[in-house]
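Counting from 4, one number per residue, gives the positions in the sequence shown under our numbering. Glycine included, C-beta positions come from ideal geometry on N, C-alpha and C.
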Amino acid sequence: ESDDYSIAKTLIPFPRPLPLLRRPVEARTPAGTQYVLAFRTPLGWAAAYASCKSQIVARCESGARIGCSMSASDKCRPPWWKLLLGMGSSKRELAERGRCEETEMEACFSAAREKCSAFAQHKCSPAFEDAWI
4 ESDDYSIAKT
14 LIPFPRPLPL
24 LRRPVEARTP
34 AGTQYVLAFR
44 TPLGWAAAYA
54 SCKSQIVARC
64 ESGARIGCSM
74 SASDKCRPPW
84 WKLLLGMGSS
94 KRELAERGRC
104 EETEMEACFS
114 AAREKCSAFA
124 QHKCSPAFED
134 AWI
């Protein structure tokens, strides 16, 4: 029946939640009470640390990719006066511009990748250095 609203028909079972890999623990220090992360195993700590770094790096690189693309396009665009005079670009100039953009993009993105790695290390380290296992 489509009009059966009994508990047996309307109750949706969900699987039991997985236990947390980490949980905040109250730590009393000379500076006062603060919370630190606590892990059940060293492998759990390592997995969470690697996950933290990889997520930050991925987000940072995706932002850097957009910025590098805009920067490369800006550096390799034709002179302003060509656009003003209505002069079109030849196939050779377009190919040259493509090579210029590839080179600029590669240089910018490799520098950004190193900075993203250092940024992720800087952001994840404080929380994980004080973590308890």
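Please report the distance separating the alpha-carbon of residue i from that of residue j.
{"i": "S9", "j": "R43", "result": "42 Å"}
{"i": "A103", "j": "G66", "result": "Here residue 103 turns out to be Cys, not Ala, going by the sequence shown. Each residue's alpha carbon lies about 21 Å from the other."}
{"i": "P16", "j": "A110", "result": "53 Å"}
{"i": "A53", "j": "R19", "result": "26 Å"}
{"i": "R116", "j": "E64", "result": "6 Å"}
{"i": "T13", "j": "D7", "result": "8 Å"}
{"i": "E96", "j": "L88", "result": "16 Å"}
{"i": "I69", "j": "A114", "result": "14 Å"}
{"i": "K94", "j": "A130", "result": "54 Å"}
{"i": "L86", "j": "M73", "result": "19 Å"}
{"i": "W48", "j": "D77", "result": "43 Å"}
{"i": "D133", "j": "A30", "result": "10 Å"}
{"i": "M90", "j": "A98", "result": "16 Å"}
Near residue i, what residues of its chain come up, given a Cβ to Cβ distance below 8 Å and the 5 sequence neighbours on each side ignored?
{"i": "V28", "result": "Y38, V39, L40, A41 and W135"}
Between residue i and the rest of its own chain, which residues show a CB-CB distance below 6 Å, the 5 nearest in sequence each way excluded?
{"i": "P45", "result": "I136"}
{"i": "T139", "result": "Past the edges of the chain, shown from 4 to 136, lies residue 139, and the structure says nothing about it."}
{"i": "F112", "result": "C71"}
{"i": "C55", "result": "C127"}
{"i": "W140", "result": "Residue 140 is absent from the structure shown; the chain starts at 4 and stops at 136."}
Going by DSSP, name the residue or residues bridged to residue i.
{"i": "A30", "result": "Q37"}
{"i": "W135", "result": "A41"}
Determine the contact status of residue i and residue j, defining contact as a CB-CB distance below 8 Å.
{"i": "P82", "j": "S92", "result": "no"}
{"i": "C79", "j": "R100", "result": "yes"}
Looking only at its own chain, which residues have a Cβ that is under 7 Å from the Cβ of residue i, when we skip the five neighbours before and after it?
{"i": "A75", "result": "E104, E107, M108 and C111"}
Report yes or no: do the stretch 110-128 and the stretch 50-61 share at least 3 C-beta pairs separated by less than 8 Å? Under the three-pair Cβ rule at 8 Å, the stretch 110-128 counts as touching the stretch 50-61.
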